[in-house]
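Structure, as structure tokens:
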Amino acid sequence: MTVSKTSPGNFFEDFRIGQTLPHAVPRTVTEGDVALHLALYGARFTFNCADPFAQSLGLPRAPIPDLLTFHIVVGKTVSDLSLNAIANLGYAEMRFHALVYPGDTLGSTSPVIGLKQNTGGASGIVYVHTVGLNQRGETVLDFIRWVMVSKRDTKSPAPDPVVPDVPEAVAADTLYVPDGLDAEGYDTSLSGARFLWDDYDVGERIDHVDGMTIEEADHALAARLYQNTARVHTDAVAAKASRHGRRLVYGGYVMSLARALSHNGLANAFKIAAVNGASHTAPAFAGHTVFAWTEVVDKAAMPGRADFGALRLRTMATFDHPCADFPGRTGPRSWHPAVLLDFDYWALMPRR
Amino acid sequence: MTVSKTSPGNFFEDFRIGQTLPHAVPRTVTEGDVALHLALYGARFTFNCADPFAQSLGLPRAPIPDLLTFHIVVGKTVSDLSLNAIANLGYAEMRFHALVYPGDTLGSTSPVIGLKQNTGGASGIVYVHTVGLNQRGETVLDFIRWVMVSKRDTKSPAPDPVVPDVPEAVAADTLYVPDGLDAEGYDTSLSGARFLWDDYDVGERIDHVDGMTIEEADHALAARLYQNTARVHTDAVAAKASRHGRRLVYGGYVMSLARALSHNGLANAFKIAAVNGASHTAPAFAGHTVFAWTEVVDKAAMPGRADFGALRLRTMATFDHPCADFPGRTGPRSWHPAVLLDFDYWALMPRR
Amino acid sequence: MTVSKTSPGNFFEDFRIGQTLPHAVPRTVTEGDVALHLALYGARFTFNCADPFAQSLGLPRAPIPDLLTFHIVVGKTVSDLSLNAIANLGYAEMRFHALVYPGDTLGSTSPVIGLKQNTGGASGIVYVHTVGLNQRGETVLDFIRWVMVSKRDTKSPAPDPVVPDVPEAVAADTLYVPDGLDAEGYDTSLSGARFLWDDYDVGERIDHVDGMTIEEADHALAARLYQNTARVHTDAVAAKASRHGRRLVYGGYVMSLARALSHNGLANAFKIAAVNGASHTAPAFAGHTVFAWTEVVDKAAMPGRADFGALRLRTMATFDHPCADFPGRTGPRSWHPAVLLDFDYWALMPRR
Numbered sequence: 001m002t003v004s005k006t007s008p009g010n011f012f013e014d015f016r017i018g019q020t021l022p023h024a025v026p027r028t029v030t031e032g033d034v035a036l037h038l039a040l041y042g043a044r045f046t047f048n049c050a051d052p053f054a055q056s057l058g059l060p061r062a063p064i065p066d067l068l069t070f071h072i073v074v075g076k077t078v079s080d081l082s083l084n085a086i087a088n089l090g091y092a093e094m095r096f097h098a099l100v101y102p103g104d105t106l107g108s109t110s111p112v113i114g115l116k117q118n119t120g121g122a123s124g125i126v127y128v129h130t131v132g133l134n135q136r137g138e139t140v141l142d143f144i145r146w147v148m149v150s151k152r153d154t155k156s157p158a159p160d161p162v163v164p165d166v167p168e169a170v171a172a173d174t175l176y177v178p179d180g181l182d183a184e185g186y187d188t189s190l191s192g193a194r195f196l197w198d199d200y201d202v203g204e205r206i207d208h209v210d211g212m213t214i215e216e217a218d219h220a221l222a223a224r225l226y227q228n229t230a231r232v233h234t235d236a237v238a239a240k241a242s243r244h245g246r247r248l249v250y251g252g253y254v255m256s257l258a259r260a261l262s263h264n265g266l267a268n269a270f271k272i273a274a275v276n277g278a279s280h281t282a283p284a285f286a287g288h289t290v291f292a293w294t295e296v297v298d299k300a301a302m303p304g305r306a307d308f309g310a311l312r313l314r315t316m317a318t319f320d321h322p323c324a325d326f327p328g329r330t331g332p333r334s335w336h337p338a339v340l341l342d343f344d345y346w347a348l349m350p351r352r
Numbered sequence: 001m002t003v004s005k006t007s008p009g010n011f012f013e014d015f016r017i018g019q020t021l022p023h024a025v026p027r028t029v030t031e032g033d034v035a036l037h038l039a040l041y042g043a044r045f046t047f048n049c050a051d052p053f054a055q056s057l058g059l060p061r062a063p064i065p066d067l068l069t070f071h072i073v074v075g076k077t078v079s080d081l082s083l084n085a086i087a088n089l090g091y092a093e094m095r096f097h098a099l100v101y102p103g104d105t106l107g108s109t110s111p112v113i114g115l116k117q118n119t120g121g122a123s124g125i126v127y128v129h130t131v132g133l134n135q136r137g138e139t140v141l142d143f144i145r146w147v148m149v150s151k152r153d154t155k156s157p158a159p160d161p162v163v164p165d166v167p168e169a170v171a172a173d174t175l176y177v178p179d180g181l182d183a184e185g186y187d188t189s190l191s192g193a194r195f196l197w198d199d200y201d202v203g204e205r206i207d208h209v210d211g212m213t214i215e216e217a218d219h220a221l222a223a224r225l226y227q228n229t230a231r232v233h234t235d236a237v238a239a240k241a242s243r244h245g246r247r248l249v250y251g252g253y254v255m256s257l258a259r260a261l262s263h264n265g266l267a268n269a270f271k272i273a274a275v276n277g278a279s280h281t282a283p284a285f286a287g288h289t290v291f292a293w294t295e296v297v298d299k300a301a302m303p304g305r306a307d308f309g310a311l312r313l314r315t316m317a318t319f320d321h322p323c324a325d326f327p328g329r330t331g332p333r334s335w336h337p338a339v340l341l342d343f344d345y346w347a348l349m350p351r352r
Numbered sequence: 001m002t003v004s005k006t007s008p009g010n011f012f013e014d015f016r017i018g019q020t021l022p023h024a025v026p027r028t029v030t031e032g033d034v035a036l037h038l039a040l041y042g043a044r045f046t047f048n049c050a051d052p053f054a055q056s057l058g059l060p061r062a063p064i065p066d067l068l069t070f071h072i073v074v075g076k077t078v079s080d081l082s083l084n085a086i087a088n089l090g091y092a093e094m095r096f097h098a099l100v101y102p103g104d105t106l107g108s109t110s111p112v113i114g115l116k117q118n119t120g121g122a123s124g125i126v127y128v129h130t131v132g133l134n135q136r137g138e139t140v141l142d143f144i145r146w147v148m149v150s151k152r153d154t155k156s157p158a159p160d161p162v163v164p165d166v167p168e169a170v171a172a173d174t175l176y177v178p179d180g181l182d183a184e185g186y187d188t189s190l191s192g193a194r195f196l197w198d199d200y201d202v203g204e205r206i207d208h209v210d211g212m213t214i215e216e217a218d219h220a221l222a223a224r225l226y227q228n229t230a231r232v233h234t235d236a237v238a239a240k241a242s243r244h245g246r247r248l249v250y251g252g253y254v255m256s257l258a259r260a261l262s263h264n265g266l267a268n269a270f271k272i273a274a275v276n277g278a279s280h281t282a283p284a285f286a287g288h289t290v291f292a293w294t295e296v297v298d299k300a301a302m303p304g305r306a307d308f309g310a311l312r313l314r315t316m317a318t319f320d321h322p323c324a325d326f327p328g329r330t331g332p333r334s335w336h337p338a339v340l341l342d343f344d345y346w347a348l349m350p351r352r
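Chains as they are written, first to last, in the working numbering: chain B, 1 to 352; chain U, 1 to 352; chain E, 1 to 352.
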């Protein structure tokens with residue numbers, strides 16, 4: 001008999017501690033990807049839009065948006081890790097390392113660092129440490145992620161449970177600062193706002209005011225661009241048979257919309273340094289208009305740097321609900337029903 | 001108290017004669033932007049599509065479409081000028097100067113050149129002279145624009161009225177010819193039509209025949225690509241509460257569709273030299289199929305040039321109404337109900 | 001009287017044997033086109049995605065997808081050949097020659113090689129041999145195509161019928177291998193599957209499993225990007241008056257979707273060498289979810305090459321019908337009602 005040539009994806013039994021998933025399809029990032037990023041999200045951070053601005057900060061040209069790097073790296077993992085996923089449970093310890101420029105080629109691998117079968121034996125949680133690499137083998141991004149994956153056979157034996165330590169947040173003094181980056185020449189007349197690191201207070205809340213409506217065509221273009229093969233994003237027939245009965249917007253799409261909307265209020269948070277956590281608290285669908293607000297959770301000076309500091313920001317994205325009333329958590333694991341995303345990250349911002 | 005970090009945009013009281021609005025977010029134009037321009041409008045002017053063709057006219061490579069330059073320059077002005085606009089009233093004296101190539105970075109500034117409060121005191125008209133610049137500080141585009149802007153407080157005092165002279169059309173002998181451009185080698189077998197400047201008669205009308213349907217996803221991609229932050233284009237919640245109850249297509253989108261459609265009949269009008277005026281006579285919405293026709297209003301030889309001349313063209317764009325019957329003006333300030341756009345411009349065209 | 005400047009397209013009477021249609025609007029392909037190709041179809045062949053991977057096979061960088069070359073070449077022919085087409089009847093003897101890279105400029109010409117008036121005299125069949133060329137005059141693609149075209153006047157005389165020989169398939173020993181291509185270094189950990197030429201059996205059937213839903217915005221973006229001026233794709237008003245009463249998806253769109261879906265099962269069929277035939281067996285519309293399956297029809301070693309061989313593949317694309325039951329032909333010229341496309345091609349695949 002001919003062996004099936006089609007991959008059914010990995011089931012919970014297929015993962016082993018210490019195993020490394022070598023994700024296929026490396027991808028050369030181009031100016032075309034960046035233009036589509038602007039067109040899909042309306043991002044306006046000058047750092048990613050204008051070569052001369054990036055050059056004034058010591059860089060060769062404008063790097064691609066941090067979350068575009070994230071989307072491309074995550075997209076590659078789907079066919080190995082989450083084709084049989086029931087839920088994407090979380091991200092932690094996500095650090096952005098080397099900047100990515102058009103022309104760079106991104107690949108990734110995911111060592112399996114944790115496994116825990118669920119009660120009932122129908123599924124289990126897989127923990128991986130995904131590392132995104134450029135063509136020189138430099139890390140561009142790494143993060144811990146945990147996903148609930150179906151078992152092929154509920155009767156197959158459970159592995160010894162291994163649950164990695166997942167810190168609540170990335171420590172500020174471990175944030176990576178890209179080589180050569182120097183914010184001394186940062187020009188706020190070009191970035192769109194005069195507020196700098198010194199002007200933000202812990203506890204301050206910012207309503208980003210604007211909304212952005214998602215079309216079915218938009219999010220499917222994005223999922224395909226990132227080569228994210230999860231059927232629920234782009235296959236209406238499969239989606240109709242799914243729990244929600246319709247296509248689901250890729251969770252990272254909402255992250256990038258929230259980040260783009262945050263320009264109005266955080267125009268100088270020019271770079272994401274790390275993501276402490278990201279919870280997709282409700283499914284996003286085409287037709288939703290996404291709004292966002294942010295709370296400043298923490299501030300940290302950067303060791304040895306007078307030119308910029310870090311802000312720990314918690315951005316909530318909502319659907320069809322403008323954020324003047326700051327809808328957010330209603331309990332330890334519950335949120336206002338309009339909340340789609342609870343996104344906790346460190347951004348770099350110039351100092352006075 | 002913490003200062004609000006979110007910009008509410010400028011109100012009529014915030015503008016002063018002589019003030020210059022320094023628009024933020026300079027933008028490096030890329031081949032990705034040009035590909036999206038083709039995909040959104042179906043533009044076919046060989047001048048902007050094929051590097052060897054542009055090289056045969058003395059240029060280093062194909063310049064970006066003139067209206068793409070316009071969209072990017074206008075997009076930057078929205079957050080400073082028209083976030084509180086009630087209506088975009090007009091454009092005049094728009095001249096295209098230095099050609100823009102992928103890799104160029106566009107910025108812009110808008111000196112305020114006129115102010116006139118409206119009767120009733122709820123709003124006023126702001127006149128600006130917007131200048132688009134490349135990374136070398138060369139002007140790529142400039143134009144006069146006037147916008148009706150809300151007042152923050154109807155009781156605030158009116159400024160002394162200043163209304164600039166707005167000429168009815170750009171004088172043909174002031175049209176700018178890009179450095180190095182030489183139409184001697186222009187090959188009509190590559191451009192798609194044999195008709196040249198000499199073949200067009202003043203008063204001639206051309207039905208461009210084809211139609212192009214606008215999807216909600218199309219025009220929102222465009223607005224975001226141009227970083228146009230006017231909420232009525234991309235925020236369905238805000239749009240629902242607006243006068244039209246739905247999202248409005250960015251007016252420039254209709255301009256670019258009309259320009260693209262005009263290739264069928266004006267394939268050799270390879271470059272827009274100036275725009276005399278552009279009136280958005282009715283709102284455009286997703287679902288509209290745009291058609292266009294053009295009248296040749298004037299012809300002008302170009303001083304010292306035997307290789308090309310200028311045609312003054314008036315293009316009407318309609319919705320859901322093919323243009324075999326040439327629907328147009330019905331009075332000094334009234335149009336056939338299917339007309340969306342009355343676009344009066346100078347194009348360069350090779351001579352025999 | 002002024003001569004009409006708008007092209008009505010050619011009618012059957014306008015074609016002559018030996019005449020060459022010199023298609024206008026050469027087009028420089030860019031990284032933007034490639035990014036849109038990924039975003040529209042979700043293609044994942046590493047050969048077209050990653051410069052270092054292509055370099056490991058002896059090439060300067062990743063070539064553009066073969067079908068993107070096809071779409072751009074075909075797009076140019078519409079205004080000369082098929083503006084008055086009743087049906088696109090077939091393709092044959094399609095060979096891909098020189099690889100195309102971003103920066104190359106594609107043009108095309110179509111010698112007329114056959115003419116046969118239909119019974120009744122209202123239309124006729126035009127056979128052309130379309131040749132796509134790059135800026136160095138090298139052939140990138142050639143194929144025979146036949147199209148049923150309306151007559152301007154049913155009473156005009158019929159030409160002497162000339163019907164060219166159309167072989168059923170491209171002979172394997174005439175497949176073109178791009179200069180410098182060497183599959184020795186092909187790394188299956190990067191391509192996404194371990195199955196190579198040796199592993200496929202003639203008669204083997206592969207269900208590609210995944211589905212991809214077409215939005216109206218998607219296929220219209222594609223048609224415009226390829227400068228395909230057939231009104232039925234992008235003009236809802238014209239489409240409403242047409243036989244189907246709605247917009248038709250460009251047939252090549254379904255080809256590219258089927259090719260992209262085939263990655264799941266044919267990840268190492270990295271290059272299309274030739275197309276034996278392509279039948280659009282039913283019209284595709286927005287809202288369709290496209291699925292695909294493939295039968296291995298033939299295998300051929302390549303003369304003098306130990307590094308790769310050729311597989312003759314027959315891919316069926318369906319709408320709204322997953323392909324686990326392999327829906328296909330039901331007779332010599334009839335297909336399962338869900339079949340949209342019957343696509344017969346030769347692909348190159350590395351050998352062990």
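We put the beta carbon where it would ideally sit given N, CA and C, even for glycine.
In this text the structure is predicted, and so the values were computed from the model without any measurement.
1) Roughly how many angstroms lie between the CA atoms of A239 of chain E and G132 of chain B, to the nearest whole one?
2) Output, in chain order, the set of chain B residues within a Cβ distance shorter than 9 Å of E216 of chain U.
3) Are D344 of chain E and G265 of chain E touching if we call contact CB-CB under 8 Å?
4) Who are the near neighbours of A98 of chain E in its chain, counting only those whose CB is closer than 8 Å to its CB and skipping five residues on each side?
5) Where are the beta strand (DSSP E) runs, 3 residues long or more, that stay fully inside the region 154 to 223 of chain B, in chain order?
6) Ends of the beta strand (DSSP E) at K299 of chain U?
7) Along chain E, which residues have their Cβ under 8 Å away from the Cβ of L221 of chain B?
8) Closer than 6 Å by C-beta to L68 of chain E: which residues in its own chain qualify, once you throw out the five before and the five after it? Chain order, please.
9) Q135 of chain U touches chain B at which residues, Cβ-Cβ below 7 Å?
10) Rounded to whole angstroms, what's the CA-CA distance from P52 of chain B to R136 of chain U? Just pull it up for me.
11) Let me make sure I understand the geometry here. Which of E:T318, E:P350 and E:P322 has the alpha-carbon closest to that of W335 of chain E?
12) Hey, V275 of chain B and L341 of chain B are a contact pair by Cβ (cut 8 Å); roughly how many whole angstroms apart?
13) Mapping the DSSP letters down to three states, classify S4 of chain U as helix, strand or coil.
14) DSSP three-state label for E93 of chain U, please.
15) Rounded to whole angstroms, what's the CA-CA distance from E216 of chain E to V249 of chain E? Just pull it up for me.
16) For T46 of chain U, go through chain E and note every residue whose CB falls closer than 8 Å to its CB, in chain order.
17) Identify whether K151 of chain U lies in helix, strand or coil by the three-state DSSP scheme.
18) Mind checking P26 of chain E: buried by the 16 CB within 10 Å criterion, or exposed?
19) Which residue wins for smallest C-alpha separation from T330 of chain U, given the options U:P322, U:M316 and U:D320?
20) Let me make sure I understand the geometry here. Which of E:M212, E:R205, E:S82 and E:L83 has the alpha-carbon closest to that of T289 of chain E?
21) Looking at the structure shown, is L83 of chain B part of a helix, part of a strand, or coil, going by DSSP?
22) Contact defined as beta carbons within less than 8 Å: I believe R145 of chain E pairs with V128 of chain E. What is the distance between those atoms, to the nearest angstrom?
23) Please return the same chain residues whose Cβ sits closer than 8 Å to the Cβ of T30 of chain U, not counting the five positions on each side in sequence.
24) Could you pull the DSSP bridge partners for N353 of chain B from this structure?
25) Compare the Cα-Cα distances from P63 of chain B to each of B:A260, B:L181 and B:L89 and report the closest residue.
With the structure as the only source:
1) The straight-line gap from Cα to Cα measures roughly 46 Å.
2) Residues of chain B passing the Cβ test: T213, E215 and A217.
3) No. Outside cutoff.
4) N134, E138, T139, V140, P178 and D179.
5) Every beta strand (DSSP E) stretch that sits fully inside the region 154 to 223 of chain B and reaches 3 residues is listed by chain position as 205 to 207.
6) Boundaries of the beta strand (DSSP E) around K299 of chain U: T289 to A301.
7) Listed by position along chain E, the residues whose Cβ is nearer than 8 Å to that of L221 of chain B are A39, L40 and D218.
8) The answer, listed in chain order, is H37.
9) Going along chain B in sequence order, the residues near Q135 of chain U (Cβ under 7 Å) are P52.
10) Distance between the alpha carbons of P52 of chain B and R136 of chain U is about 10 Å.
11) It is E:T318.
12) Not a contact, Cβ separation roughly 12 Å.
13) If DSSP states are grouped into helix, strand and coil, S4 of chain U belongs with coil.
14) Three-state result, E93 of chain U: strand.
15) Each residue's alpha carbon lies about 8 Å from the other.
16) Near T46 of chain U (Cβ distances below 8 Å), the residues of chain E are A24, V25 and P26.
17) Note: K151 of chain U maps to coil in three-state DSSP.
18) Buried is the call here.
19) It is U:M316 whose Cα lies nearest to the Cα of T330 of chain U.
20) Checked all of E:M212, E:R205, E:S82 and E:L83; the closest Cα to T289 of chain E is E:M212.
21) In the structure shown, L83 of chain B sits in coil (DSSP, three-state: anything other than H, G, I, E or B).
22) Here R145 of chain E really is in contact with V128 of chain E; their C-beta atoms are around 6 Å apart, less than 8 Å.
23) By the criterion of a C-beta distance shorter than 8 Å, T30 of chain U is surrounded in its chain by P102 and G103, once the five residues flanking it on both sides are discounted.
24) Absent from the structure is residue 353 of chain B, since the part of chain B shown begins at 1 and ends at 352.
25) Among B:A260, B:L181 and B:L89, the Cα nearest to that of P63 of chain B is on B:L181.
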